[in-house]
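Q: What follows is a single structure, and I will ask about it in a moment.
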Amino acid sequence: MIHAFLGAILLFSSFISVPVFAQTTSDAQTMFKQANEHFVKGEYNEAIVIYDDILEVTPNNLSTLKMKAIALSNSGYHEKSLKEFFKILQSKPDDITALTGMGIGFGNLGEYQEAKYYFEKAVKKKSDSVVINNYKEFIDKVIAKYPYITTEKPVGLKIEIVIPDWIKPTAKWWAEGQIKDSEFVSALLFMIENKIIQIPIVETKSETDDKIPDWIRNNADWWADGSIDDNSFVQGIQYMIEKGIIIVDIKKSQEEIQKEKDDEFYLFGKYLRSISKNVADEKRYIENPNPSQEVIKKFLRDYIKWNFEEEVKTASSNFPDPTYQIINQTYVIHYKVFVNEQPTGLPLDHVSTLQNSFLFWENQELSTNGQKAIMEFEITDQKHEANVWVTWVVRDIGQGVLGHAHLGKGVVEITLGDYNCDGIFQLYDIKTVEKIMTHELGHSIGLEHTSDPNNIMYTSLKPSYAYCLLG
Ligand SMILES: [Zn+2]
Numbered sequence: 000m001i002h003a004f005l006g007a008i009l010l011f012s013s014f015i016s017v018p019v020f021a022q023t024t025s026d027a028q029t030m031f032k033q034a035n036e037h038f039v040k041g042e043y044n045e046a047i048v049i050y051d052d053i054l055e056v057t058p059n060n061l062s063t064l065k066m067k068a069i070a071l072s073n074s075g076y077h078e079k080s081l082k083e084f085f086k087i088l089q090s091k092p093d094d095i096t097a098l099t100g101m102g103i104g105f106g107n108l109g110e111y112q113e114a115k116y117y118f119e120k121a122v123k124k125k126s127d128s129v130v131i132n133n134y135k136e137f138i139d140k141v142i143a144k145y146p147y148i149t150t151e152k153p154v155g156l157k158i159e160i161v162i163p164d165w166i167k168p169t170a171k172w173w174a175e176g177q178i179k180d181s182e183f184v185s186a187l188l189f190m191i192e193n194k195i196i197q198i199p200i201v202e203t204k205s206e207t208d209d210k211i212p213d214w215i216r217n218n219a220d221w222w223a224d225g226s227i228d229d230n231s232f233v234q235g236i237q238y239m240i241e242k243g244i245i246i247v248d249i250k251k252s253q254e255e256i257q258k259e260k261d262d263e264f265y266l267f268g269k270y271l272r273s274i275s276k277n278v279a280d281e282k283r284y285i286e287n288p289n290p291s292q293e294v295i296k297k298f299l300r301d302y303i304k305w306n307f308e309e310e311v312k313t314a315s316s317n318f319p320d321p322t323y324q325i326i327n328q329t330y331v332i333h334y335k336v337f338v339n340e341q342p343t344g345l346p347l348d349h350v351s352t353l354q355n356s357f358l359f360w361e362n363q364e365l366s367t368n369g370q371k372a373i374m375e376f377e378i379t380d381q382k383h384e385a386n387v388w389v390t391w392v393v394r395d396i397g398q399g400v401l402g403h404a405h406l407g408k409g410v411v412e413i414t415l416g417d418y419n420c421d422g423i424f425q426l427y428d429i430k431t432v433e434k435i436m437t438h439e440l441g442h443s444i445g446l447e448h449t450s451d452p453n454n455i456m457y458t459s460l461k462p463s464y465a466y467c468l469l470g
């Protein structure tokens with residue numbers, strides 16, 4: 000009989016929960032924290048050394064595997080990163096971060112069809128994710144642009160682990176008492192032996208007369224409906240096995256299951272090697288699925304183009320005042336806006352969302368000199384006549400500062416991304432940039448901050464990212 004402790008769910012820093020074995024909890028916790036401190040600073044090598052130490056004790060610690068995989072990916076070690084994500088999927092086939100990470104990894108290798116396969120799986124699990132949809136959009140474009148011959152997978156590499164159609168109805172019928180425990184147990188056996196669900200080995204009491212608690216049947220019912228995830232379902236099953244309420248006679252030993260996983264992992268490595276070979280032989284063109292790095296590189300090269308530092312320093316009084324007319328006792332204030340071009344390589348079109356920010360303010364009823372006021376915006380390509388200059392920046396304009404504008408007129412700086420998501424530069428998503436734009440434009444027309452968190456002129460905003468796996 001193998002004894003093992005159950006994983007405890009612990010919350011570490013702001014990251015993720017990490018189940019670790021009880022006797023090493025405090026060590027692993029401290030180490031994970033330390034590693035993450037390196038990670039957020041982009042010190043991936045230092046972080047990986049510590050993640051490896053944690054994994055030596057708890058090789059299947061998913062949160063650690065995940066952070067290591069992302070650290071490897073951000074350092075450009077795509078094959079190594081893919082292997083870590085693959086390990087995660089071996090124990091948790093529907094893990095969204097791992098599915099997306101696989102897509103990014105294959106995209107970075109240039110095996111775009113395989114990347115598409117994983118992004119599609121991820122998007123099915125989380126259809127409202129901006130990040131996954133951005134990646135999916137990228138991969139569809141790149142496949143159309145660069146046709147190539149896909150690399151064949153080694154025979155026996157079964158990456159797809161799906162829950163067969165009959166399993167969930169069986170769980171439901173069992174929950175409703177329509178089928179016997181023994182039928183449910185055979186479904187469980189099937190899932191355990193096919194690695195669809197992972198049941199950590201637990202010490203089983205000999206048979207008891209304990210009744211199956213209601214919560215377990217409810218769990219099975221909810222799992223069948225998709226309202227709880229596999230983990231919560233597995234916890235119930237584990238409880239029953241542990242208490243001896245159901246006896247699952249697992250024919251395959253844990254060692255055998257582990258060996259199958261190891262074989263799969265070996266084949267996966269072989270597959271990656273053939274991909275790399277084919278890509279090199281074909282001299283296949285590779286486009287990074289995450290454009291953030293390209294954007295920052297080009298941005299820094301043409302720094303002068305986007306930064307109106309001199310103009311930011313000079314008082315806004317150097318800019319011409321907006322013109323106005325009084326129509327029906329309403330001030331109609333007319334702003335001319337010069338919009339700097341977008342940094343090259345930027346896949347997100349912020350110039351057109353700028354129109355949304357204009358509309359937002361044009362639809363507001365404001366007041367000036369105790370009278371009603373409405374705004375009108377017009378884009379001009381003449382800097383000298385513009386009351387407001389909009390430019391896109393990625394320079395650090397202060398800790399967590401998203402934008403900058405003078406009150407009433409002058410230069411408006413809009414930040415396109417930052418280093419705060421996962422230690423490297425990551426672009427914000429379109430909505431975030433639009434919000435920053437609307438806010439800064441608010442300053443340009445003379446508005447100050449408000450204390451209402453729901454108001455666009457609130458002092459702060461939590462940015463969302465376009466491609467960051469941890470965003
Ligand atoms: Zn502000």
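By numbering that gives the first Met the number 0, the letter at position 133 of the sequence shown is numbered 132, and the numbering carries on one by one without gaps.
Ideal Cβ placement from N, Cα and C applies to all residues, glycine included.
Just so we're clear, the structure is a prediction, and the values are computed from it rather than from any experiment.
Where VAL389 and LYS269 are concerned, what is the direct C-alpha to C-alpha distance, given to the nearest angstrom?
A: Within the sequence shown, the letter at position 390 stands for residue 389. Within the sequence shown, the letter at position 270 stands for residue 269. Cα to Cα, the separation comes out at about 51 Å.
Q: Compare the beta carbon distance of ALA46 and ALA70 with 7 Å and say whether it is the shorter of the two.
A: Looking up residue 46 in the sequence shown gives position 47. Looking up residue 70 in the sequence shown gives position 71. Closer than 7 Å, so yes.
Q: So the candidates are ILE245, ILE455, VAL48; which of them puts its Cα closest to the Cα of VAL37?
A: Stepping through the sequence shown from its first residue, residue 37 is reached at position 38. As written in the sequence, residue 37 is His, which differs from the Val given in the question. Out of ILE245, ILE455, VAL48, VAL48 has the C-alpha closest to the C-alpha of HIS37.
Q: Count the other CB atoms within 10 Å of the CB of TRP214; is the residue buried (16 or more) or exposed (fewer)?
A: Counted from its first residue, the sequence shown places residue 214 at position 215. With fewer than 16 Cβ atoms within 10 Å of its Cβ, TRP214 is classed as exposed.
Q: Cα separation between ASP52 and LEU64?
A: Counted from its first residue, the sequence shown places residue 52 at position 53. Counted from its first residue, the sequence shown places residue 64 at position 65. One C-alpha to the other measures close to 11 Å.
Q: Closer than 6 Å by C-beta to THR458: which residues in its own chain qualify, once you throw out the five before and the five after it? Chain order, please.
A: Numbered from 1 along the sequence shown, position 459 holds the residue referred to as residue 458. Closer than 6 Å at the Cβ level, and outside the excluded window around THR458, lie HIS448.
Q: Relative to the alpha-carbon of VAL338, which residue among PRO346, ILE326, LYS304, ILE166 has its alpha-carbon at the smallest distance?
A: Looking up residue 338 in the sequence shown gives position 339. The shortest C-alpha separation from VAL338 is found at LYS304.
Q: Should GLU433 and ASN355 be called a contact, given that it needs their Cβ atoms to be closer than 7 Å?
A: Residue numbering aside, residue 433 sits at position 434 when the sequence shown is read from its first letter. Residue numbering aside, residue 355 sits at position 356 when the sequence shown is read from its first letter. The answer is yes: Cβ separation under 7 Å.
Q: Please enumerate, following chain order, all residues with a beta carbon closer than 6 Å to at least one heavy atom belonging to ligand 1.
A: Cβ-based neighbours of ligand 1 within the cut-off: HIS438, HIS442, HIS448.
Q: List the DSSP bridge partners of ASP417.
A: Mapped onto the sequence shown, residue 417 falls at position 418. GLN425.
Q: Would you mind giving the Cβ-Cβ distance between ILE413 and PRO288, rounded to the nearest angstrom? I have them listed as a contact below 8 Å.
A: For the purposes of this step, residue 413 is taken as residue 414 along the sequence shown, with counting starting at 1. For the purposes of this step, residue 288 is taken as residue 289 along the sequence shown, with counting starting at 1. That pair is no contact at about 24 Å.
Q: Whose CA, out of ARG283, VAL411, GLU192, lies closest to the CA of VAL311?
A: Here residue 311 is taken as the residue at index 312 of the sequence shown, counted from 1. The option with the nearest alpha carbon to VAL311 is VAL411.
Q: Roughly how many angstroms lie between the CA atoms of GLN324 and TYR334, to the nearest whole one?
A: Translated into positions along the sequence shown, residue 324 becomes position 325. Translated into positions along the sequence shown, residue 334 becomes position 335. Rounded to whole angstroms, GLN324 to TYR334 spans 12 Å at the Cα level.
Q: By the 10 Å Cβ neighbour count, where 16 or more other Cβ atoms means buried, how is ILE245 classified, buried or exposed?
A: In the sequence shown, counting from the first residue as 1, residue 245 sits at position 246. Buried.
Q: In this structure, how does DSSP classify HIS442 when only helix, strand and coil are distinguished?
A: Taking the sequence shown and counting its residues from 1, one reaches residue 442 at position 443. In this structure, HIS442 counts as helix in the three-state DSSP scheme.
Q: Does ASP428 pass the burial test, meaning 16 or more other C-beta atoms within 10 Å, or should it be called exposed?
A: Position 429 of the sequence shown holds residue 428. Under this definition ASP428 is a buried residue.
Q: Apart from the five residues just before and just after LYS152, which ones in its own chain have a Cβ nearer than 6 Å to its Cβ?
A: Here residue 152 refers to the residue found at position 153 when the sequence shown is read from its first residue. Cβ neighbours of LYS152 beyond the five flanking positions: TYR270.
Q: By Cβ distance below 6 Å, which residues in the same chain neighbour ALA404 in space, the five residues on each side in sequence not counted?
A: Taking the first residue of the sequence shown as 1, we reach residue 404 at position 405. Here the set comprises VAL411, GLU439, HIS442, SER443.
Q: What is the DSSP secondary structure of GLU375, reduced to helix, strand or coil?
A: As a position in the sequence shown, residue 375 is number 376, starting the count at 1. DSSP places GLU375 in strand when its eight states are reduced to three.
Q: Smallest Cα separation from GLU384: which of GLY409, LEU460, ILE236?
A: Sequence index remark: in the sequence shown, residue 384 carries index 385 (1-based). The shortest C-alpha separation from GLU384 is found at GLY409.
Q: In the DSSP assignment, find the alpha helix (DSSP H) that holds TRP222 and state where it starts and stops.
A: Here residue 222 refers to the residue found at position 223 when the sequence shown is read from its first residue. Here the alpha helix (DSSP H) through TRP222 covers 213 to 224.
Q: With DSSP run on the structure shown, which of helix, strand or coil describes ASN454?
A: Taking the first residue of the sequence shown as 1, we reach residue 454 at position 455. Residue state, collapsed to three classes: coil.
Q: Might you give, ordered along the chain, the residues of its own chain that have their beta carbon closer than 6 Å to the beta carbon of LEU347, omitting 5 neighbours on each side?
A: Start at 1 with the first residue of the sequence shown, and residue 347 comes out as number 348. The answer, listed in chain order, is ILE429.
Q: Between GLU175 and GLY235, what straight-line distance do the alpha-carbon atoms span, to the nearest angstrom?
A: Counting from 1 along the sequence shown, the entry for residue 175 is found at position 176. Counting from 1 along the sequence shown, the entry for residue 235 is found at position 236. In a straight line, the C-alpha of GLU175 is about 16 Å away from that of GLY235.
Q: Once the 5 residues before and after SER450 are set aside, which same chain residues still bring their CB inside 7 Å of it?
A: Within the sequence shown, the letter at position 451 stands for residue 450. No residues qualify anywhere along the chain.
Q: Please go through the segment 259 to 311 and give each complete alpha helix (DSSP H) segment of 4 or more residues, from N-terminal end onward.
A: The segment 259 to 311 contains these whole alpha helix (DSSP H) runs: 291 to 300, 302 to 305.
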